[in-house]
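Residues 1230 to 1825, numbered by my numbering, are exactly what the sequence shown covers, in order.
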Amino acid sequence: MQKYEAPIKDIEYLINSVFKINNYSNLDRFKKINPEITTMILEEASKFTQNVLLPLNQSGDSEGCKFEEGDVKTPDGFKEAYNTFIKGGWSSLTFDEEFGGQGLPTIIGVIVSEMIVSTNMAFGMYPGLTQGAYKAIEKIGNSEQKKLYLPKFSDGKWTGTMNLTEAHCGTDLGLIKTKAEPCPDGSYLITGSKIFISAGEHDLSENIVHLVLARLPDAPTGIKGISLFIVPKFLSNDNGELTDKNNVKCLSIENKMGIKASSTCEMKYESATGYLLGEKNKGMKAMFIMMNEARLGVGIQGLGMSEVAYQSAAEYTKDRLQGRSLNSPVNPELPADPIIVHPDVRRMLLSVKSFNESARALSIWIALNIDIAEHHPDSDTKKNASEFLALMTPIAKAFLTDTSFENVNLALQCYGGHGYIRDHGMEQFVRDTRITQLYEGTSGIQALDLVGRKLPQDMGRLLRQFFHPVDKFIKENISDKDISDIIMPLAKSFARLQQASAWVAENGMSNPNEAAGASSDYLKLFGIVTLGYMWAMMAKTSLSKLNEKDSDKQFHQDKINLSKFYMNKILPETSSLLSKITAGSKTLMSIESSNF
Ligand SMILES: Cc1cc2nc3c(=O)[nH]c(=O)nc-3n(C[C@H](O)[C@H](O)[C@H](O)COP(=O)(O)OP(=O)(O)OC[C@H]3O[C@@H](n4cnc5c(N)ncnc54)[C@H](O)[C@@H]3O)c2cc1C
1230 MQKYEAPIKD IEYLINSVFK INNYSNLDRF KKINPEITTM ILEEASKFTQ NVLLPLNQSG
1290 DSEGCKFEEG DVKTPDGFKE AYNTFIKGGW SSLTFDEEFG GQGLPTIIGV IVSEMIVSTN
1350 MAFGMYPGLT QGAYKAIEKI GNSEQKKLYL PKFSDGKWTG TMNLTEAHCG TDLGLIKTKA
1410 EPCPDGSYLI TGSKIFISAG EHDLSENIVH LVLARLPDAP TGIKGISLFI VPKFLSNDNG
1470 ELTDKNNVKC LSIENKMGIK ASSTCEMKYE SATGYLLGEK NKGMKAMFIM MNEARLGVGI
1530 QGLGMSEVAY QSAAEYTKDR LQGRSLNSPV NPELPADPII VHPDVRRMLL SVKSFNESAR
1590 ALSIWIALNI DIAEHHPDSD TKKNASEFLA LMTPIAKAFL TDTSFENVNL ALQCYGGHGY
1650 IRDHGMEQFV RDTRITQLYE GTSGIQALDL VGRKLPQDMG RLLRQFFHPV DKFIKENISD
1710 KDISDIIMPL AKSFARLQQA SAWVAENGMS NPNEAAGASS DYLKLFGIVT LGYMWAMMAK
1770 TSLSKLNEKD SDKQFHQDKI NLSKFYMNKI LPETSSLLSK ITAGSKTLMS IESSNF
């Protein structure tokens, strides 16, 4: 059975005790929240996601979206759920008040997104894409575009999409063929075909605003000749009242492995009216605004799936009776003990749990930096936060999703053969999670971004945004006896990460294949150490809380125990990753392509 309860206590612990968000009240957005308001939002979000979205998760998967003569029907109950979603104000949490939003900090958006994904990832795709479109128009749109589109996204009446992929190009967007012809009135005629467009057509909103990458007639070839256009399904007047249907069609929807209730559309633009968004030929820069936002969102998708899979598996392992505890029976009166007594089952559960709680900490750390980068009054602080985000984006995208896919498989494994049977819902988690490693740039492409762009940028300046706080934390705590069994393994793994970074930088300079060949292992090593740092911070927080009079001692002791599990059972993988990285790329490149 798919089981989910929003991890409110864990979230409150992270935002109030670990990251102490009351320290950020110098930022306007944080003035709107305090622990009571945050708890109220979390409780309402948990009610909506558990009561409205979760019951539609398996039915939505079985039913899928239906394509009927150019229209797409979402599964039963989705339209009503979407209406409840917008009535509850969930579409506009972090959007600017100027444009009808609630102006809340990004952490609130990230936390609510995790709950939405855990309960119904496919449903979350529709508002998720809208969020990216909102950001792109907010950052680079002109004032008329902001005035027209942003309030419509805020109230959820219109949704957004991102149209990059064409049949012959996904990763290499420099190959895009879709054309944009300028018209005398300043608009453009867009012609071309796009594939795999999430939420490209559906019945949830009255209009769909496509952000489309296309090429102007005089554009330079390759990636430098791509521009971004707003192409609405329905045209409108300046007040947002719909006028004519635009020449945009959905030709078909994909029959795919997972997230079946999310429409994945083949789109055809036949001289459709479009409006330039941002500067000519700077479309990729503009699209990256959407993609960076979306990449973090996909990392959160991984976490959300890993959480619901863990909760479902934990519940099952407490009920399923098989075998006896190796020490002494736990349930002598019953024919067997629950499988949670077995060390190997615990290994699986704890691997997932220790990931979830530290990945959630990372997502909150990143969300805090998004608000600092956008709203902090001090320009240096802003710049540091932006650099931190640039470094962390590929790690959050690839490491969180790759590990989550392993995790949902481990959670399924806890069910034995029953995990493979549809009714239990575990195989849906595996199918749904798999896409997170692919879209918004595959994990391999994130790893290349990390070693090829982020690592060398300004002689390693970005790296310092992570290395400095970790180094400082280790130095401050290494001689504290109470926490040395947590800090020592972190220090060792951190040293491996530093060694690997130097190796990649040095060898990548003389031969780019060395950096590229090491990239996926390097990103994984970076991700494991990052979560190790999250665990060390949590352990330190919980150790101090243990001594407080009214604290929940069991909660904090469990945090410390889980931190030790991570240090003992997960962090050592950094050693083999370092060996793999420094072994170089020779063996990867030694077999001729024709001999594969
Ligand atoms: C369900 C679903 C929803 C999607 N939603 C959207 C959407 O809303 N909008 C949109 O525009 N697109 C969307 N996509 C498309 C998605 O972003 C692309 O599929 C993805 O970026 C990969 O592109 P590709 O499929 O063409 O693979 P390719 O680019 O052909 O890559 C194939 C393999 O080669 C590797 N590779 C490619 N180039 C390199 C290189 N230079 N170095 C190393 N390895 C390389 C890749 O990592 C991958 O493993 C969606 C796809 C799916 C399946």
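C-beta: ideal position from N, C-alpha, C; glycine also.
- If you check the CB distance, residue 1603 and residue 1361 do not come in under 8 Å.
- Contact annotation: residue 1348 and residue 1338 have beta-carbon atoms that are not nearer than 8 Å.
- With a cutoff of 7 Å, residue 1364 does not count as near ligand 1, since its C-beta is closer than that to no heavy atom of the ligand.
- Per DSSP, residue 1470 lies in no beta strand (DSSP E) segment and is marked neither H nor E.
- Bridge pairing for residue 1479: 1496 [DSSP].
- Excluding sequence positions up to five before and after residue 1424, its CB lies within less than 7 Å of the CB of 1394, 1395, 1396, 1495, all in the same chain and listed in chain order.
- The beta carbon of residue 1471 lies closer than 8 Å to those of 1435, 1436, 1463, 1464, 1465 in the same chain, with the five residues before and after it left out.
- Of the candidates 1447, 1670, 1442, 1783, 1442 places its Cα closest to the Cα of residue 1516.
- Membership of residue 1387 in the beta strand (DSSP E) is indicated by the continuous run 1387-1392.
- Not one heavy atom of ligand 1 sits closer than 7 Å to the Cβ of residue 1489.
- Proximity of the segment 1249-1259 to the segment 1597-1614 meets the contact definition, three or more beta-carbon pairs being nearer than 8 Å.
- Under the DSSP assignment, residue 1439 falls in the beta strand (DSSP E) whose first and last residues are 1436-1443.
- The C-alpha of residue 1551 lies about 15 Å from the C-alpha of residue 1542.
- For residue 1458, the enclosing beta strand (DSSP E) starts and ends at 1456-1461.
- Under the DSSP definition of a beta bridge, residue 1420 partners with 1408.
- The beta carbons of residue 1566 and residue 1559 sit about 5 Å from each other, so the pair counts as a contact at 8 Å.
- Residue 1445 is not a Cβ neighbour of residue 1514, given a cutoff of 8 Å.
- The C-beta separation of residue 1355 from residue 1431 comes to about 7 Å, placing the pair in contact by the 8 Å criterion.
- Partner residues in the beta bridge of residue 1502, as assigned by DSSP, are 1418.
- Non-local beta-carbon contacts of residue 1706 in its own chain, meaning distances under 6 Å to residues more than five positions away in sequence, involve 1712, 1716 in chain order.
- With a threshold of 7 Å, the Cβ atom of residue 1391 counts as near ligand 1, since some heavy atom of the ligand is closer than that.
- Exclusion of the five residues before and after residue 1353 leaves 1345, 1346 as the residues of its chain whose Cβ lies within less than 6 Å of its Cβ.
- Residue 1757 carries a helical assignment under DSSP once its states are collapsed to helix, strand and coil.
- If you ignore the 5 residues before and after residue 1308, its C-beta comes within less than 8 Å of the C-beta of 1432, 1433, all in its own chain and listed in chain order.
- Here DSSP, grouped into helix, strand and coil, assigns residue 1398 to strand.
- For residue 1586, the secondary structure class from DSSP, reduced to helix, strand or coil, is helix.
- Looking only at 1328, 1400, 1676, the smallest Cα-Cα distance to residue 1366 is reached by 1328.
- The segment 1553-1610 is shown to contain whole alpha helix (DSSP H) runs of 4 or more residues at 1572-1604, in chain order.
- With 16 or more neighbouring CB atoms inside 10 Å of its own CB, residue 1725 falls in the buried class.
- For residue 1296, the uninterrupted beta strand (DSSP E) run begins and ends at 1295-1297, by DSSP.
- Across the set 1383, 1336, 1289, the C-alpha of 1383 shows the shortest separation from the C-alpha of residue 1314.
- Contact between the segment 1403-1414 and the segment 1370-1387 is not established, with fewer than three Cβ pairs separated by less than 8 Å.
- Of the candidates 1237, 1704, 1249, the residue whose Cα lies closest to the Cα of residue 1273 is 1237.
- Of the candidates 1678, 1561, 1491, 1639, the residue whose Cα lies closest to the Cα of residue 1303 is 1491.
- From the listed residues 1512, 1402, 1248, the smallest Cα separation to residue 1594 is found for 1248.
- Taking 7 Å as the cut-off, one finds at least one heavy atom of ligand 1 near enough to the beta carbon of residue 1426.
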